[in-house]
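To start, the structure itself, in structure tokens.
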Amino acid sequence: MYIDSPGGSVTAGLSIYDTMTYIRSPVSTVCLGQAASMGSLLLAGGERGKRYALPHSSVMIHQPLGGTQGPASDILIYANQIQRTREQVNEIYRRHLNAALGEERYSLRDIEELMERDKYLTAQEAREMGIVDEILTRRVKKEDADKKKE
């Protein structure tokens with residue numbers, strides 16, 4: 775799945791993520807340009823070992839955004855819902871980042887702190903954090919790939 779996204783609806787993004795995890799085929803993700811907000815979650819949600827970024831790509835993570843207006847009781851309902859969504863998103867990041875790193879480096883509290891404000895990452899920083907597994911720099915020639923297999 776090629777991702778060049780400034781982000782978007784959390785519910786739409788989670789439906790894509792759920793589909794990625796539901797289907798049997800492993801989903802490879804590639805960041806082209808940017809993977810921000812929900813785009814970064816989809817990038818991280820790719821199959822372990824098959825999550826890539828181009829060298830000059832950027833990744834941005836942050837907590838879910840939203841807003842509402844109306845009676846205080848409705849605002850409280852919305853605030854509770856967005857908090858539940860935030861917890862779901864944080865758990866998804868925690869699970870994928872720790873799996874990619876092969877260790878429990880991030881607690882939920884760590885993820886909450888990382889997501890508190892917009893955090894922009896280079897491709898290299900995204901790899902170090904565990905959002906992507908590899909930075910694609912050059913396409914391998916077929917004959918070089920065949921030699922590698924031997």
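Residues in the sequence shown are numbered consecutively from 775, following this note's numbering.
Glycine is no exception: its CB is placed at the ideal position from the N, C-alpha and C atoms.
For I849, which residues of its own chain have a beta-carbon under 7 Å away from its beta-carbon, when the five flanking residues on both sides are left out? T842
Rounded straight-line distance, which links the Cα of A853 to that of L871: 27 Å
Is the separation between the beta-carbon of Y867 and that of L839 shorter than 9 Å? no
Delimiting residues of the beta strand (DSSP E) encompassing G807: T803 to A810
Tell me the DSSP secondary structure of D892 in three-state form. coil
From the DSSP output, read off the bridge partner residues of E908. Y826
Got a sec, what are the start and stop residues for the alpha helix (DSSP H) M775 sits in? Segment: none, M775 is in no alpha helix (DSSP H) and carries neither H nor E.
With burial defined as no fewer than 16 other Cβ atoms inside 10 Å of the residue's Cβ, what is the status of L875: buried or exposed? exposed
Which residue marks the beginning of the alpha helix (DSSP H) containing V784, and which one marks its end? V784 to Y796
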